[in-house]
Amino acid sequence: LSSARQLAQVAYPDVQLLIIRDGISSTDELKQIEQFARAGGRVLLDRPSHELMNALCQQLKLPYRVRPYLGPTVRANGKDQLVEAIAREDLYWLGKHVGRPWSPTPLANNVADGVLMRDAPTKPLAVYEAEQMQLRGSIVQRHHDHVGLFTTGAVEGTIRIPRDGIYVIAITGWGTPLDGIYPLAGIFIDNARVGQLSMSSDKPATFTIEVPLERGEHQLRIGFLNDASRPPQDRNMFVDKIAIGYVGERSDVVFITSPPSVVKIPVGDGAIVLNMLRWDEPPKNKNWIKAQRFILSLLMALGGKFTGGIAYDILEAEWMTPQEGMPWFRREAGYAYMGSNGYIEAKVEIAQPGRYTFKVVARGTQAGGEYPILKLTLDDRTLGEIKLRSDDWALYPLRVSLPKGVHRLRIHFTNDLYQPPEDRNVMIDKLLVVRDTQY
């Protein structure tokens, strides 16, 4: 749904799953969403605004609020159905590779619109001043009322937990960014990493994380994970204090990712899921396939039933016939490279007339601020255009109406531009012909 008018027309059990993106803002609309969930429905709020999520938490009397987040996100541990429905690798989004070819590729930053954080405890069980804790690292310095971590390092100490349960760890601190990325604080309990926080403020602020802890003494370590320096920028982390608060024996809110950018909130007989992951614009480096699998797995676990189609034909672009005399064309392993305007073509046989979707898997390089444009034709009749949006592989759909028979299908590259040092080119992996039918 994308409007309040559409929301007013649905009711459980006639509708089992609501997917809402934009268009919902008023308190009355949030109450409708809550009533739908309490009756047994499932709601996915996909990339809602921070204001909407904070208003929802306030309405449901949940002690949470949304904070900006610019770091990586991975799948959380847990036994909830939604957690187990998502493969770990589908949330293991890689960033840009730097260094030697054999160096590990880091996780991508800036993958989510925000994270859900529990409010800091008003009556903490204990407060630990960072400057009184043990320090690790070469340039980790005590100051009057805080610790400055100017290189990779940590503050650590012993904490005492009175009983088993869920606890909130609240870190008061701040950081200086590099390229807009703030310091990442890794939280370790007895040398096991239990989560991470983005210290995304240049003045003192409090950042929280929930963790299950057993009764007894534990070693708590707060580590600086992503130190970097490129003068005049220098990413550093500062820690003032750490507070520990008891939440309860368990928490009804389920964190699907760590940190919590995807969260399940049980409401009555149903549930509301908040998704802040940028699955529809994932970072480059072949993450789009993982992102598509993630959102599909999430929707299926929520009971989503899909109308679509089964692949009717698959045309590998490198085996299609190029336009005669087209320069700068070559076949690569797994794709066709087009370095100038022209087309590639193949014959397709349509057994039944009707609605189909062409799904083109391609990537391109931009020039003049614009990516390649592809035009699809059938027997010289224009079917439509596809505008590429990334130099990473992505799938671009185009819905068409096809007549029965054998036809000549062409994919045209129409806006080649060479403007040194920029060069607009296109690489096409394949084209899937999908018949629009329910399955």
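Here the sequence shown is numbered in our numbering, starting from 28 and rising by one per residue. Backbone N, C-alpha and C define an ideal beta-carbon position, used for all residues, glycine too.
Exercise. Quick one: Cα of Glu61 to Cα of Asp229, how far?
Worked result: On the sequence shown, residue 61 is found 34 positions in, with the first residue counted as 1. On the sequence shown, residue 229 is found 202 positions in, with the first residue counted as 1. Cα to Cα, the separation comes out at about 36 angstroms.
For this session: Please report how far the alpha carbon of Thr100 lies from the alpha carbon of Pro309, in whole angstroms.
Result: For this step, residue 100 is matched to residue 73 along the sequence shown. For this step, residue 309 is matched to residue 282 along the sequence shown. Cα-Cα distance, rounded: 12 angstroms.
For this session: Would you list, in sequence order, the uninterrupted alpha helix (DSSP H) runs of no fewer than 4 residues that lie entirely inside the segment 149 to 218?
Result: none
Problem set entry | Residue environment, Val266, which counts as buried when at least 16 other CB atoms sit within 10 Å | Translated into the one-based positions of the sequence shown, residue 266 becomes position 239. Classification of Val266: buried, given that the 10 Å Cβ count is 16 or more.
Exercise. With 16 as the cutoff for other CB atoms within 10 Å, does Ala153 come out buried or exposed?
Worked result: On the sequence shown, position 126 is the one that residue 153 refers to. That one is exposed.
Exercise. Using the rule of at least 16 other Cβ atoms within 10 Å of the residue's Cβ for burial, across every protein chain shown, is Asn218 buried or exposed?
Worked result: Locating residue 218 in the sequence shown gives position 191, counting from the first residue. It is exposed - the Cβ of Asn218 has fewer than 16 other Cβ atoms within 10 Å.
Exercise. Alpha carbon to alpha carbon, how far is Ile316 from Ala421?
Worked result: Taking the first residue of the sequence shown as position 1, residue 316 is located at position 289. Taking the first residue of the sequence shown as position 1, residue 421 is located at position 394. In a straight line, the C-alpha of Ile316 is about 8 angstroms away from that of Ala421.
Exercise. Can you name, in chain order, every residue of its own chain whose Cβ lies under 6 angstroms from the Cβ of Leu516, other than the five neighbours on each side?
Worked result: The structure shown does not extend to residue 516, since the chain spans only 28 to 466, so no value can be given for it.
Exercise. What residues in its chain sit with their C-beta under 6 angstroms from that of Leu429, if we drop five residues either side in the sequence?
Worked result: Sequence index remark: in the sequence shown, residue 429 carries index 402 (1-based). Around Leu429: Ile377, Tyr383.
Problem set entry | N- and C-terminal bounds of the beta strand (DSSP E) containing Asp456 | On the sequence shown, residue 456 is found 429 positions in, with the first residue counted as 1. 453 to 462 is the extent of the beta strand (DSSP E) around Asp456.
Exercise. By Cβ distance, which residues of its chain are closer than 7 angstroms to Gly184, with the 5 residues on each side in sequence left out?
Worked result: As a first step, residue 184 is located in the sequence shown; it is residue number 157 there, counting from the start. Around Gly184: Tyr155, Met160, Gln161, Leu247.
For this session: Count the other C-beta atoms from every protein chain shown that fall within 10 angstroms of the C-beta of Ile113, then say buried if there are 16 or more, exposed otherwise.
Result: As a working note, residue 113 is residue 86 in the sequence shown. The residue in question, Ile113, is buried, as its Cβ has 16 or more Cβ neighbours within 10 Å.
For this session: Specify the secondary structure class of His124 as computed by DSSP and reduced to three states.
Result: Start at 1 with the first residue of the sequence shown, and residue 124 comes out as number 97. Here His124 sits in coil by DSSP.
For this session: Tell me where the beta strand (DSSP E) around Ser14 begins and ends.
Result: The shown model of the chain, from 28 to 466, leaves out residue 14, and the question about it has no answer.
For this session: Figure out for me which residue from Ile249, Gly141, His245, Ala360 has the closest Cα to the Cα of Met80.
Result: Taking the first residue of the sequence shown as 1, we reach residue 80 at position 53. Nearest of Ile249, Gly141, His245, Ala360 to Met80, Cα basis: Gly141.
Exercise. According to the neighbour-count rule (16 or more other Cβ atoms, all chains shown, within 10 Å of its Cβ), is Tyr91 buried or exposed?
Worked result: Position 64 of the sequence shown holds residue 91. Buried, because 16 or more other Cβ atoms sit within 10 Å of the Cβ of Tyr91.
Exercise. Which residues mark the beginning and the end of the alpha helix (DSSP H) in which Ser367 is found?
Worked result: Within the sequence shown, residue 367 is the residue found at index 340, counting from 1. From DSSP, Ser367 is part of no alpha helix (DSSP H); its letter is neither H nor E.
For this session: Could you tell me if Thr284 is buried or exposed, where buried requires 16 or more neighbouring beta carbons within 10 angstroms of its beta carbon?
Result: Within the sequence shown, the letter at position 257 stands for residue 284. Per the 10 Å Cβ criterion, buried.
Problem set entry | Test item: CB-CB of Gln446 and Gly395 under 8 angstroms | On the sequence shown, residue 446 is found 419 positions in, with the first residue counted as 1. On the sequence shown, residue 395 is found 368 positions in, with the first residue counted as 1. Yes, Cβ-Cβ distance for Gln446 and Gly395 is below 8 angstroms.
Problem set entry | the segment 435 to 449 / the segment 362 to 376 touching (three or more Cβ pairs under 8 angstroms) | yes
For this session: Using 10 angstroms around the beta-carbon of Gln465, count the other beta-carbons present and answer buried if the total reaches 16, otherwise exposed.
Result: Position 438 of the sequence shown, counted from the first residue, corresponds to residue 465. Residue confidence is low: Gln465 scores 44 on pLDDT, short of 50, so the model does not pin down where it sits. No coordinate-derived value is stated.
For this session: Could you check the C-alpha separation between Tyr39 and Arg69 for me, to the nearest Å?
Result: Here the question's residue 39 lines up with position 12 in the sequence shown. Here the question's residue 69 lines up with position 42 in the sequence shown. Roughly 9 angstroms separates the two Cα atoms.
Exercise. What do you reckon, are the CB atoms on Leu252 and Leu211 nearer than 8 angstroms?
Worked result: Residue 252 sits at position 225 when you count from the first residue of the sequence shown. Residue 211 sits at position 184 when you count from the first residue of the sequence shown. In contact: Leu252 and Leu211 (Cβ atoms closer than 8 angstroms).
Exercise. Shortest alpha-carbon distance to Pro424 belongs to which of Pro95, Lys431, Leu401, Leu329?
Worked result: In the sequence shown, residue 424 corresponds to position 397, counting from 1. That would be Leu401, whose Cα lies nearest to the Cα of Pro424.
For this session: Could you check if Thr199 is buried or exposed, using at least 16 other CB atoms within 10 Å of its CB as the buried criterion?
Result: Taking the sequence shown and counting its residues from 1, the one referred to as residue 199 is at position 172. By the neighbour-count rule (16 or more Cβ atoms within 10 Å), Thr199 is buried.
Problem set entry | Check whether Phe385 and Leu118 have beta carbons under 8 angstroms apart | By one-based count along the sequence shown, residue 385 stands at place 358. By one-based count along the sequence shown, residue 118 stands at place 91. For Phe385 and Leu118, no; Cβs fall outside 8 angstroms.
Exercise. When you compare each of Asp456, Arg437, Val221, Val433 to Leu469 by their alpha carbons, which one comes out closest?
Worked result: Residue 469 is absent from the structure shown; the chain starts at 28 and stops at 466.
Exercise. Nearest-angstrom Cα distance between Glu345 and Ala82?
Worked result: Working through the sequence shown from its first residue, we reach residue 345 at position 318. Working through the sequence shown from its first residue, we reach residue 82 at position 55. Their Cα atoms are separated by approximately 51 angstroms.
Exercise. Can you name, in chain order, every residue of its own chain whose Cβ lies under 8 angstroms from the Cβ of Glu449, other than the five neighbours on each side?
Worked result: Counting from one through the sequence shown, the residue named residue 449 turns up at place 422. Same-chain partners within the cutoff: Thr392, Gln393, Ala394, Gly395.
Exercise. What is the DSSP secondary structure of Arg48, reduced to helix, strand or coil?
Worked result: As a first step, residue 48 must be located in the sequence shown, where it is residue number 21. The answer is coil: DSSP assigns Arg48 none of H, G, I, E or B.
Exercise. DSSP puts Thr384 in a beta bridge; with which residues?
Worked result: The residue given as residue 384 occupies position 357 in the sequence shown. Thr384 is bridged to Arg426, Val461.
For this session: Would you mind working out which of Asn136, Ala103, Pro380 sits nearest Arg305, comparing C-alpha positions?
Result: If you number the sequence shown from 1, residue 305 lands on position 278. Nearest of Asn136, Ala103, Pro380 to Arg305, Cα basis: Asn136.
For this session: Can you tell me which of the three DSSP states Lys268 falls into?
Result: Position 241 of the sequence shown, counting from 1, holds the residue named residue 268. Lys268 falls in the strand class under three-state DSSP.
Exercise. If you follow the beta strand (DSSP E) that Gln246 is part of, which residue opens it and which one closes it?
Worked result: Taking the sequence shown and counting its residues from 1, the one referred to as residue 246 is at position 219. Looking at the DSSP string, the run of the beta strand (DSSP E) that includes Gln246 is 243 to 251.
Problem set entry | Presumed contact (8 angstroms Cβ cut-off) between Ile292 and Leu89, rounded CB distance | The count along the sequence shown starts at 1 and reaches residue 292 at position 265. The count along the sequence shown starts at 1 and reaches residue 89 at position 62. Confirmed, about 7 angstroms.
Exercise. Can you tell me whether DSSP reads Gln379 as helix, strand or coil?
Worked result: Counting from one through the sequence shown, the residue named residue 379 turns up at place 352. If DSSP states are grouped into helix, strand and coil, Gln379 belongs with coil.
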